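Right, one structure below, let's go through it.
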Amino acid sequence: MLAKYNPREIEPKWQRKWADDRLYEVVEDPTKPKWYALTMFPYTSGDLHIGHWYAMAPSDVHARFKRMQGYNVLHPMGFDAFGLPAENAAIKRSIHPHTWTMQNIENMRRQIKSIGAIYDWSRETITCLPEYYKWTQWFFIKLYEHDLAYRGKAPVNWCPNCQTVLANEQVVEGHCERCRTRVTHRDLEQWFFRITKYADELRQYEGINWPERIKMMQRNWIGRSEGADISFALDYPGVTEKEISIFTTRPDTIFGVTFMVLAPEHPLVMKLTIPDRKAEVEEYIARSQRATDIERLSTEKEKDGVFIGTYATNRLNDEKIPIWIADYVLMSYGTGAVMAVPAHDERDFAFAKKYSLPIKIVNAPPGWMGGKLEAAYTEAGVIVNSKQFNGLPSKAGIDAITDYLEEKGYGGHTISYKLRDWLISRQRYWGAPIPIVYCEKCGIIPVPEKDLPVLLPEDAEFKPTGESPLKYVEKFVNTICPQCSAPAKRETDTMDTFMCSNWYFFRYASPHHTSAVFDMEKLKYWMPVDLYTGGAEHAVMHLLYARFFTKAIRDMGLIDFSEPFSQLFNQGTIIAEHQKMSKSRGNVVTPDEYVNKLGADTIRAYLMFIGPWEHGGEWDDSGISGISRWLNRVWNLVLDKYKPKIKEKSETEKAHIELQRVTHQTIHKVTSDLERIRFNTMLAALMEFTNYLMKVKKAGNVVDSAWKEAVAPLLLLLAPTAPHFTEELWQRTGSEYSIHNQSWPKWDKELTKDEEITLVIQVNGKLRDRFTVPVSITEAEAWQLALDSEKVKPYIGGKKIVKTIYVPGKLVNLVVR
RNA sequence: GGGGAAGUGUCGAAAUUGGCAGACGAGCUGGACUUAGGAUCCAGUGCCGCAAGGCUUGGGGGUUCGAAUCCCCCCUUCCCCA
94 MLAKYNPREI EPKWQRKWAD DRLYEVVEDP TKPKWYALTM FPYTSGDLHI
144 GHWYAMAPSD VHARFKRMQG YNVLHPMGFD AFGLPAENAA IKRSIHPHTW
194 TMQNIENMRR QIKSIGAIYD WSRETITCLP EYYKWTQWFF IKLYEHDLAY
244 RGKAPVNWCP NCQTVLANEQ VVEGHCERCR TRVTHRDLEQ WFFRITKYAD
294 ELRQYEGINW PERIKMMQRN WIGRSEGADI SFALDYPGVT EKEISIFTTR
344 PDTIFGVTFM VLAPEHPLVM KLTIPDRKAE VEEYIARSQR ATDIERLSTE
394 KEKDGVFIGT YATNRLNDEK IPIWIADYVL MSYGTGAVMA VPAHDERDFA
444 FAKKYSLPIK IVNAPPGWMG GKLEAAYTEA GVIVNSKQFN GLPSKAGIDA
494 ITDYLEEKGY GGHTISYKLR DWLISRQRYW GAPIPIVYCE KCGIIPVPEK
544 DLPVLLPEDA EFKPTGESPL KYVEKFVNTI CPQCSAPAKR ETDTMDTFMC
594 SNWYFFRYAS PHHTSAVFDM EKLKYWMPVD LYTGGAEHAV MHLLYARFFT
644 KAIRDMGLID FSEPFSQLFN QGTIIAEHQK MSKSRGNVVT PDEYVNKLGA
694 DTIRAYLMFI GPWEHGGEWD DSGISGISRW LNRVWNLVLD KYKPKIKEKS
744 ETEKAHIELQ RVTHQTIHKV TSDLERIRFN TMLAALMEFT NYLMKVKKAG
794 NVVDSAWKEA VAPLLLLLAP TAPHFTEELW QRTGSEYSIH NQSWPKWDKE
844 LTKDEEITLV IQVNGKLRDR FTVPVSITEA EAWQLALDSE KVKPYIGGKK
894 IVKTIYVPGK LVNLVVR
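Our numbering numbers the first residue of the first sequence as 94 and each following residue consecutively.
As structure tokens, this is what we get:
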């Protein structure tokens with residue numbers, strides 16, 4: 094009686110053996126080509142769901158494939174362990190964030206191990222441990238020393254009811270996530286990284302293989318636009334500012350300015366508002382704070398605003414123009430002020446119509462006779478009503494007018510980005526403390542390297558106060574100045590967790606190195622990452638920050654490459670009940686019960702089979718039995734003894750050649766699908782191969798050695814997908830341990846060649862007949878076949894053949910009339 | 001609103017990139033075997049039609065001998081926007 098496939102028994106057995114043998118521990122080996130395969134490390138939320146498997150299992154399959162191809166493969170795993178949920182758990186359930194996080198890691202590590210991946214656990218990296226965040230702090234200081242970190246004022250989300258600062262993700266449609274109170278803003282002194290310095294370089298993707306989609310998203314995020322800064326004169330009693338600066342991409346239309354619009358939160362608004370408009374302006378500002386940026390920028394929403402009662406002067410024609418505020422101008426973009434040219438901007442046009450503001454045409458559309466415009470004319474035209482610039486095409490006008498402004502000192506060429514400097518201060522406990530000391534005498538002093546890490550004190554209060562909990566830990570705050578030894582205070586904000594995930598992939602190269610941030614030799618061997626896989630939700634922030642960081646430390650001379658991830662691949666999202674899986678929605682699908690019932694190998698294969706990896710999709714376990722059945726068939730196919738019905742080789746020639754051909758075609762197909770990251774079709778090919786082998790087995794028409802030559806590749810090709818299953822079969826068929834140390838099968842191109850093809854006969858492009866013919870068929874023979882076909886004759890009888898098309902190996906097409 | 005991706009059987013999806021539409025699975029329908037199982041094996045399964053045959057890749061138009069694939073317009077869904 095044949096032993097049954099029992100994953101519950103064999104999976105833990107092999108996992109134990111692989112761990113005992115340290116099969117997947119990896120060391121630098123200059124004799125082998127390296128392959129660094131990285132999956133985005135998970136946040137320590139507590140438990141793993143099927144979405145984590147979807148990220149980890151297929152990438153492990155690819156890494157295993159590379160390993161069998163002879164690469165020295167680094168495939169590490171770790172945990173993104175700092176962050177707000179740990180602190181919320183502390184507040185809600187009185188459990189210390191450290192305890193909560195480490196417990197979660199324990200659980201998640203156990204769950205991840207059940208996948209059966211080749212993770213080298215000796216390299217595990219956890220961002221909330223001092224041995225890691227010491228170096229996060231070290232990098233902060235490097236950035237500070239290179240003028241890439243600075244302090245500045247920035248608004249934070251503030252809940253007046255909870256009296257606390259809120260992270261963006263805690264603000265839901267303008268309200269506090271916890272108490273539903275309307276969120277307001279407050280200015281705080283905070284730390285920034287000067288990512289904008291790299292804005293232009295970050296738009297370039299030379300030498301890296303990234304999805305167009307992600308590059309597009311990053312470029313949009315950076316949002317470069319060329320234009321001009323132009324200052325308008327101000328003269329308002331009691332206000333020291335004598336000018337106001339705007340950014341525009343259309344300086345060629347400056348003579349058409351009929352009003353100016355400031356963002357409601359522009360610092361000059363309250364200073365410039367005349368007394369009897371104050372109430373109205375204040376009310377508008379309050380109202381605009383409720384809208385999100387997306388709502389404010391929507392062209393569907395009717396533009397509204399308020400005149401603040403003051404005028405600015407257009408220095409090019411000395412016209413006085415009224416200053417308005419409107420929420421379609423954002424403080425965060427450009428200078429927070431725009432010159433409004435209603436004739437040539439859609440939003441300005443709508444605004445001018447609504448408030449009956451003048452519309453002055455300065456850029457004439459082709460054939461314009463001086464009449465009024467029905468809508469804003471935003472295309473290129475010819476400059477009119479603009480003094481000495483009249484007659485210039487608008488494109489040339491942009492330069493001419495900007496040059497003139499520059500000459501007069503009223504402004505000049507500039508490039509504006511949507512990208513803002515990266516605010517990294519968090520008024521939170523559970524993060525890496527910013528290693529800075531404030532001394533009354535010496536000012537801002539970075540903590541010296543020898544004093545790192547600045548440890549998070551264990552005994553902080555996590556009650557929401559609106560300030561960092563660290564502020565109330567006296568032992569932490571009070572220190573001495575590293576420079577003059579006078580009493581001083583520590584910075585109490587912690588760093589954004591994106592700073593931790595910014596560089597973890599560097600750490601895996603030498604995770605336990607203590608004398609420096611990296612072991613340079615090892616770093617040089619492994620970096621950059623050859624294939625980085627993860628969800629598209631990190632398209633901008635994490636991936637952009639990691640690129641910025643890499644370029645920044647390159648410029649410090651720490652490394653000599655510019656891009657951390659040579660290839661990027663985004664898998665899709667697994668959803669459940671038509672929504673993203675999340676604890677709060679209660680639709681989390683846990684893999685544990687599936688592992689228990691069906692085994693990891695089945696789930697690995699199923700996740701890859703449901704569709705292209707980049708698609709993701711609804712979790713639906715109804716199809717999983719197809720994989721189960723298939724693996725059971727393979728199990729029986731391999732273990733149930735093959736009984737050839739023939740003895741002499743000559744009899745078997747034709748069947749043997751065909752078996753070889755199918756085998757080699759399968760090797761070719763599986764290899765190229767793995768290379769292209771098309772796991773679903775790879776599995777379909779393996780299933781077809783299995784079906785074919787079942788037929789051969791039933792027929793018994795090849796000799797035993799030929800059979801074995803086909804079964805071995807089947808197991809090897811399946812090994813990355815079903816590592817435990819194939820290891821067991823490999824052993825049971827008496828082969829040498831471990832299957833995972835075997836070489837990837839190679840195909841012989843000669844053997845893959847078909848002897849016969851299907852020749853398709855078309856008439857006027859429509860299929861009329863088909864023949865199985867030898868590949869060697871000549872064009873003349875093909876035509877003979879077509880013309881003699883009984884099925885074709887009725888379609889050509891009595892008609893004239895006007896054209897013939899012959900596609901060798903595929904079809905003939907007769908065009909008749 | 002802007003930017004992006006995608007629409008193919010009952011369902012998940014294939015189609016080596018302009019050349020046999022629906023591979024491989026799921027489901028369903030028959031059948032075989034039966035120590036009655038949600039097991040295994042065999043056959044069938046896009047739609048209309050008794051058939052010959054016709055129709056069919058969200059809808060409409062176009063290019064081409066030939067279009068799921070390329071171009072234009074429209075519709076729908078999903079993703080991203082500190």
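A virtual CB, placed ideally from N, CA and C, is assigned to each residue, including glycine.
The model shown is predicted, which means the values in this text are computed figures rather than measured ones.
query, result
"Does DSSP classify V540 as helix, strand or coil?", "coil"
"Nearest-angstrom Cα distance between P415 and A436?", "16 Å"
"Beta-carbon separation of F175 and G524 under 8 Å?", "yes"
"Classify D369: buried if its beta carbon has 16 or more other beta carbons within 10 angstroms, exposed otherwise.", "exposed"
"What are the partner residues of W284, as DSSP defines its beta bridges?", "R244"
"Pairing CB atoms from the segment 768-783 with CB atoms from the segment 693-709, are three or more of them under 8 Å?", "yes"
"How would you call Y830, buried or exposed, if buried means at least 16 neighbouring beta carbons within 10 angstroms?", "exposed"
"From E358 to T277, what distance separates their C-alpha atoms?", "12 Å"
"Hey, out of H506, V727, V795 and I367, whose CA is closest to E781's CA?", "V727"
"What did DSSP end up calling V633 once you bin it into helix, strand or coil?", "coil"
"Out of G719, G402, E388 and I143, which has the shortest C-alpha to C-alpha gap to L361?", "G402"
"Can you give me the C-alpha to C-alpha distance between P539 and D552, rounded to a whole angstrom?", "24 Å"
"Using only alpha-carbon positions, find the residue among W107, I339 and I854 that is nearest to A210.", "W107"
"Is the beta carbon of L724 less than 8 Å from the beta carbon of Y129?", "no"
"Which term fits R157, buried or exposed, when burial requires 16 or more other beta carbons within 10 angstroms of its beta carbon?", "buried"
"Let me know if K125 comes out buried or exposed under the rule of 16 or more other beta-carbons within 10 Å of its beta-carbon.", "exposed"
"Where does L95 land, buried or exposed, given buried means 16+ other C-beta within 10 angstroms?", "exposed"
"Since F285 contacts Y226 with CB under 8 Å, what's their CB separation in whole angstroms?", "With 8 Å as the limit, F285 and Y226 do not qualify as a contact, their Cβ atoms being about 20 Å apart."
"Could you check what DSSP says for L259 in three-state terms: helix, strand or coil?", "strand"
"So, using beta-carbon positions, are L327 and Q311 closer together than 8 Å?", "no"
"Which whole runs of the beta strand (DSSP E) in the segment 707-733 are 3 residues long or more, in chain order?", "none"
"Any idea if M363 is buried or exposed, counting beta-carbon neighbours within 10 angstroms, 16 or more meaning buried?", "exposed"
"Could you check if H671 is buried or exposed, using at least 16 other CB atoms within 10 Å of its CB as the buried criterion?", "exposed"
"Rounded to whole angstroms, what's the CA-CA distance from E472 to A179? Just pull it up for me.", "52 Å"
"Let me confirm a value: D733 is counted as buried when at least 16 other C-beta atoms fall within 10 Å, else exposed. Which label applies?", "exposed"
"Does the contact criterion of 3 or more C-beta pairs under 8 Å hold for the segment 127-146 versus the segment 488-500?", "no"
"Could you check if G474 is buried or exposed, using at least 16 other CB atoms within 10 Å of its CB as the buried criterion?", "buried"
"Excluding the five sequence neighbours on either side, which residues of its own chain have a C-beta within less than 7 Å of the C-beta of L730, listed in chain order?", "T783, L786, M787 and K790"
"Suppose only complete runs of 4+ residues qualify. What are the alpha helix (DSSP H) ranges in the segment 192-246, listed by chain order?", "223-238"
"From C272 to K335, what does the alpha carbon distance come to, in whole angstroms?", "44 Å"
"To which residues of the same chain is K738 closer than 8 Å at the C-beta, ignoring the five residues directly before and after it?", "A792, G793 and N794"
"My parser needs the beta strand (DSSP E) runs of 3 or more residues fully inside the segment 345-373; what are they?", "352-355"
"Buried or exposed for L860, going by 16 or more other Cβ atoms inside 10 Å?", "exposed"
"Can you list, in chain order, the residues of its chain whose CB lies under 6 Å from that of A247, leaving out five sequence neighbours each side?", "Q283 and L516"
"Using only the alpha-carbon positions, how far apart do Y448 and K396 sit?", "10 Å"
"Going by beta carbon distance, what residues of the same chain come within less than 8 Å of M534, once the five residues before and after it are set aside?", "First, the amino acid is wrong: residue 534 is Lys here, not Met. Answer for K534: C574, C577 and A579, listed in chain order."
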